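Chemist: Below you will find the structure I want to go over with you.
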Amino acid sequence: MSGGHDEVYAADDACGGHKYDDAHTAEEERTFAALPPAQGRSFATSWWGQAWLKALEDTALELSQLKAGRRLARSGAVGAISVRPGRITAVVSGRDGSGHRSDVLLQRLTDDEWDRFLDMAVERAGHIAALLDREMPPHLVEDAAAAGVELLPGIGDLEPQCTCDAWDHCAHTTALCYQVARLLDQDPFVLLLMRGRGERALLDELQVRSVARAAQDEPEGQAEQEDAERAEGVPADEAYATGAILPPLPPLPVLPEAPGEPPSLDTETPPAPGVDAAAVAFLAERAAMDAHRLLAEALAPGHRESAPEEPLTVDQDAVRLAADAGPGADAHVLTRIAEGTGRDREALRLAVRAWQLGGSAGLAVLEEEWTPQAESAARARADLETAWDDDERPALRAARNRWTASGSRAQLRLGRDGRWWPYRKERGRWQPAGPAAHDPATALAAATGEAGGDA
């Protein structure tokens, strides 16, 4: 056994066998709850997790123990895992149900090795960013190796110790190593802790060195250095190599049958001053419904090829909320929406009607009055002239983009997309009478109640 491992054992022996060294701080030990069984999945999908398993499999002398360890790990026989510098520990249940304290030792980096690693990481900001993203890119490990620091274990680096008294890797220590590979997939800082430094201490030291380096480089050439770092990027061969080992994308989620239920706000605690509980409950319910709709659209065939919709303005989104609320919506909530958009309840009702008939385009026709440019005006006149025979053409009085039928309560409105929208005057206000139509005669028939418009 190497000298580094002897030191670890000596520290444990001084504290009463396997007890934790009092010199360690709480931040230098992390305990992970027992992982669920790994049925039907690989133990490691990240390349560094696979490197950990390779070190185990290259070290173990008996293939039968590897197979037995995999079976124990898959069955959930490994209990909570303790990770601290130089050692991982867990209680592993054997096939007979007996529990065994299992340890796997990994030599800690020396202070000099940590200095070299930290100096190397500070030189390339991408290394720090990758670690913060819980990633360990190949070039980080390669740069560390070039600095004389081996982060990943190699053959013979994983030293087993188990109360079953096996002298090599037994099924219990093997099962522990397989489960640790799953932890490494999620967080490479687990490996760095085994090598001797906790996450917080490591990041604090990196920050101190980064600040010191920036202060040292700032007086001259700072701008040139920053430009060079931005231009450095990632070499194409490294990016290609990384892409080859990335795990496949996870499967698409299954669309739930219905939107989820938002948390209930019916509690004994009164809302804070200024908080409208009914409005919050309404917004939460709508958010759940919108999330369900967006997921359904994202899972629909051809969604990737469809163009994204134009984002709604605050006013348009408020009208959409009122329209989606339906006839049974809380009157108080609708009043809040009307006030927030500068409308009275009747104006909001008309806006909702326009939205239901044509979305944002229908709302624009209701509230915008505009003068068609020459080309649009010429096209509109041609549509009106060809829509009826000469003896059937109604008398229409034009005012900008609106044509009102003389002697009736019907009106045609021209949208900016060239479609005609039917309107009817009721209770002194022009109201949407149907969806848009490409033919003005069809739209006018809908406005007069003679026929329905067709989009």
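Using my numbering, read the sequence shown as starting at 153 and increasing by one per residue.
Cβ coordinates follow ideal geometry from the N, Cα and C atoms, glycine included.
This one's a predicted model, so the numbers in the text were calculated from it and none came from an experiment.
If you draw a straight line from the C-alpha of Glu265 to the C-alpha of Gln259, how long is it?
Modeler: 12 Å
Chemist: With a threshold of 16 other CB atoms inside 10 Å of the CB of Val466, please say whether the residue is buried or exposed.
Modeler: exposed
Chemist: State buried or exposed for Asp309, treating a residue as buried only when at least 16 other CB atoms are found within 10 Å of its CB.
Modeler: Asp309 should be labelled buried.
Chemist: In the structure shown, what three-state DSSP assignment does Arg321 receive?
Modeler: Reading off the sequence shown, one finds His at residue 321, where the question assumed Arg. His321 falls in the coil class under three-state DSSP.
Chemist: For Ile307, which residues does DSSP report across the bridge?
Modeler: Note: Ile307 sits in no beta bridge, so no partner.
Chemist: Roughly how many angstroms separate the alpha carbons of Trp507 and Leu515, rounded to a whole number?
Modeler: 5 Å
Chemist: Counting only C-beta atoms, is Leu283 closer than 8 Å to chain D at any point?
Modeler: Looking at the structure shown, chain D is missing, and only one protein chain is on hand.
Chemist: Does the beta carbon of Ala562 fall short of 7 Å from some heavy atom of the ligand ZN?
Modeler: Although the ligand ZN was asked about, the structure shown includes no ligands whatsoever.
Chemist: Who are the near neighbours of Leu358 in its chain, counting only those whose CB is closer than 8 Å to its CB and skipping five residues on each side?
Modeler: Leu270, Ala273, Val274 and Ile280, listed in sequence order.
Chemist: Can you look up Ala562 in the DSSP assignment and give me helix, strand or coil?
Modeler: strand
Chemist: What's the call for Pro592, buried or exposed, on a 16-neighbour Cβ count within 10 Å?
Modeler: buried
Chemist: Using DSSP with H/G/I as helix, E/B as strand and the rest coil, what is Phe195?
Modeler: coil
Chemist: For Thr493, which of helix, strand or coil comes out of DSSP?
Modeler: Thr493 falls in the coil class under three-state DSSP.
Chemist: Among Ala296, Leu343 and Tyr330, which one has its Cα closest to the Cα of Glu181?
Modeler: Leu343
Chemist: Just to confirm the assignment, what range does the alpha helix (DSSP H) spanning Trp522 have?
Modeler: No alpha helix (DSSP H) contains Trp522, which DSSP labels as neither H nor E.
Chemist: Which residue marks the beginning of the alpha helix (DSSP H) containing Gln217, and which one marks its end?
Modeler: Leu215 to Arg226
Chemist: Go through the region 450-505 residue by residue and report every complete run of the alpha helix (DSSP H) that reaches 4 residues or more, in order.
Modeler: 466-477 and 483-492
Chemist: Are there 16 or more other CB atoms within 10 angstroms of the CB of Gly586, so buried, or fewer, so exposed?
Modeler: The residue is buried, with at least 16 neighbouring Cβ atoms inside 10 Å.
Chemist: Going straight from the alpha carbon of Ala431 to that of Leu486, what length do you get?
Modeler: 9 Å
Chemist: Quick check on DSSP: helix, strand or coil for Asp356?
Modeler: helix
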